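> First the structure, which I've put down as structure tokens, then a few questions once you've had a look.
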Amino acid sequence: MMTEGMFTNYFLPGIWITIQVTVFSALLAVVVAFVIGTLRTSRLWIVRFLSGIYFELFRGTSSLVLMFWLVFAVPLMFRWQFVPMYAGVLALGLTYGAYGSEVVRGALAAVPAAQREAGVALGFTKFQRLRRIEIPQAWPEMVPPFNNLLIELLKGTALVSTIMVADMTYAANLVRIGSNESAPVYTLLLVLYFVFAFVLTRGMRVLERHAKSRIGQAPPRGDSLWSRLTLRSNAGEGTGALTAGGTSR
Amino acid sequence: MTWDWNVVDDFMPRFWDGVLLTLQALVLGSLIAFSLGLVWAIAQRSRFAAVRWPVNIITEFIRNTPLLVQLFFLYYVVPEWGPSLTSLTTGIIGLGLHYSTYTAEVYRAGIGGVPTGQWEAATALSLPRSRTWAAVILPQAIRRVVPALGNYVIAMLKDSPLIAIIGALEMFGEAESFSNETFTFEAYTIVGIAFILIAYPASLLIRLLERRLAITS
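Going down the list, the protein sequences come from chains A and B. 0 is the number of the first residue of the first sequence in numbering that gives the first Met the number 0; add one for each residue after it. 0 is the number of the first residue of the second sequence in numbering that gives the first Met the number 0; add one for each residue after it.
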């Protein structure tokens, strides 16, 4: 069985690193998603084209390959070295930001055109329109798919263990080598990730209720026990953005 | 930065070996994901709660935990109890199992989209349950989810480098070992570009498929 010392020495710091990586890359991803997602609704074709290239590039690459490229190729190419954790955060943030930009674009496109026209009629600037009219109405639409992406991101953080960042997967590998007992370690690790995903989902449900009430919509009603326990929101196309060849909704 | 084409030439034979392995893992992994996902989806609609609940819990657990850790589990823990498999086989099973929980959701949506009248017609014709599924429901359900299934094949392609971490040398694994031996960076760059070059046309293909199936159905 895993000894007490191994847990406090390896696992606890690893959990903290996983939390940090998740939070930092989620913040980066949200920024990227909003910037790229808004640019992709621009009127100028060149802006749409360039942001579209960003989207296709980062949706097409594997975040693991990007991570290794940042850590092992960039120092040789540009004589500039990343702290491994920030390379991991950057790779995850840029990739999941690209997925998120599809969510933002879709939600902005779903805001009724009359809302934008009303903003034009009232003499709002483009930025004011976005900030005061379009994003507040699109935001509740974005939360469920963002939840799905956030869980994907949490799962993605396990990849940073491969570039020598001592997250909880890395800690589990150390404990396995040290104690020669793999079953309890990896079971504990899987359960920990699951618990994290569950906590994140609860948080996002609260956020969704808050977002909906702010624009005067009724909160979502969980009808069955299962739908309250389940982690994904089926309505959200978050996984669609993750994979889809452009969502033609 | 100096890009050395000689390094690229040296890497190319190993790159093609890796591509072959990636495609192999992708095809076999997809087969597992498509068939196992269907089993999950049908089991989730079972009349018996004793079937529905365990299946729901298992799929939910597999879908919300990292593939990398599942691969470690399959590679290090499973041999303690049962057969020890090669890293490629483990990787394929891991990819297939992980993505089967996603395709299960896709099938579930497809099955849910079949009108109730179809079920009722099957009952009215007193078709046995197996025949209702095989001849009435699934042909209609699967047809409309083909593009969504294709999307998960692309997602699986992007997760396929993870099997290199447990030792299956697909294209990323080849790049990693090549770069470690030669202290070069070209191989990583080439593999990164290769992923985009495979994933982007594939996603265009799926977009096309989506449009075609939408018009005719």
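Quick reminder that beta carbons are idealized off the backbone N, C-alpha and C, glycines included. This structure is a prediction, so every number in the text was calculated from the model and none was measured.
(1) Using a Cβ-Cβ cutoff of 8 Å, what residues of the stretch 101-132 of chain B are near chain A? List them in chain order.
(2) Could you confirm whether any beta carbon from chain A is found closer than 7 Å to the beta carbon of residue 63 (chain B)?
(3) Using a Cβ cut-off of 8 Å, which residues of the stretch 39-70 of chain B contact any Cβ in chain A, in chain order?
(4) Tell me which residues share the same chain as residue 90 (chain B) and place their Cβ nearer than 7 Å to its Cβ, disregarding the 5 neighbours each side in the sequence.
(5) Does the beta carbon of residue 191 (chain B) come closer than 7 Å to any beta carbon on chain A?
(6) Determine which residues of the stretch 118-150 of chain A have a Cβ less than 8 Å from any Cβ of chain B, and write them out in chain order.
(7) Tell me which residues share the same chain as residue 102 (chain B) and place their Cβ nearer than 7 Å to its Cβ, disregarding the 5 neighbours each side in the sequence.
(8) Over the uninterrupted alpha helix (DSSP H) stretch that includes residue 114 (chain B), give me the two end residues.
(9) Taking Cβ positions, are residue 165 (chain A) and residue 45 (chain A) nearer each other than 7 Å?
(10) Excluding five sequence neighbours on each side, which residues of the same chain lie with their C-beta closer than 6 Å to the C-beta of residue 27 (chain A)?
(11) What residues in the stretch 45-70 of chain A have a beta carbon less than 8 Å from any beta carbon of chain B?
(12) Give me the residue from B:51, B:16, B:42 with the minimum Cα distance to residue 172 (chain B).
(13) Looking at chain B, is there any beta carbon in it that lies within less than 7 Å of the beta carbon of residue 193 (chain A)?
(14) What in chain A is Cβ-close to residue 87 (chain B), meaning under 7 Å?
(15) The alpha helix (DSSP H) spanning residue 8 (chain B) covers which residue range?
(16) Should residue 83 (chain B) go down as buried or exposed, given a rule of 16 or more other Cβ atoms within 10 Å for buried?
(17) Would you kindly work out how many angstroms separate the C-alpha atoms of residue 101 (chain A) and residue 45 (chain B), rounded to a whole number?
(18) Suppose the cutoff is 8 Å on Cβ atoms and the five residues either side in sequence are ignored; what does the same chain contact list for residue 156 (chain B) look like?
(19) Can you grab the Cα-Cα spacing for the pair residue 135 (chain A) / residue 18 (chain B), in whole Å?
(20) Check whether the stretch 181-189 of chain A and the stretch 32-52 of chain A are in contact - that is, three or more C-beta pairs closer than 8 Å.
(21) With the cut-off set at 7 Å, would you say residue 182 (chain B) and residue 10 (chain B) are in Cβ contact?
(22) Pick from B:53, B:72, B:111: whose alpha carbon is nearest that of residue 93 (chain B)?
(23) Can you check the stretch 29-103 of chain A for any alpha helix (DSSP H) of at least 4 residues that lies completely inside it and give the ranges in chain order?
(24) Starting from the beta carbon of residue 8 (chain B), find every residue of chain A whose beta carbon is closer than 7 Å, and list them in chain order.
(25) Apply the 10 Å Cβ neighbour rule to residue 148 (chain A) and answer buried if 16 or more other Cβ atoms are within range, or exposed otherwise.
Taking the coordinates as given:
(1) 101, 104, 108
(2) yes
(3) 55, 59, 60, 62, 63, 64, 65, 66, 67, 68, 69
(4) 24, 70, 162, 165, 167
(5) yes
(6) 150
(7) 32, 33, 36, 148, 151
(8) Premise fails: residue 114 (chain B) is in no alpha helix (DSSP H) and is neither H nor E.
(9) no
(10) 92
(11) 55, 56, 58, 59, 60, 61, 62, 63, 64, 65, 67, 68
(12) B:16
(13) yes
(14) Residues of chain A passing the Cβ test: none, with the nearest at roughly 17 Å.
(15) 4-43
(16) exposed
(17) 35 Å
(18) 21, 25, 194, 197, 198, 201
(19) 45 Å
(20) no
(21) no
(22) B:72
(23) 44-59, 62-67, 73-77
(24) The contacting residues do not exist; residue 8 (chain B) stays about 18 Å from chain A at best.
(25) buried
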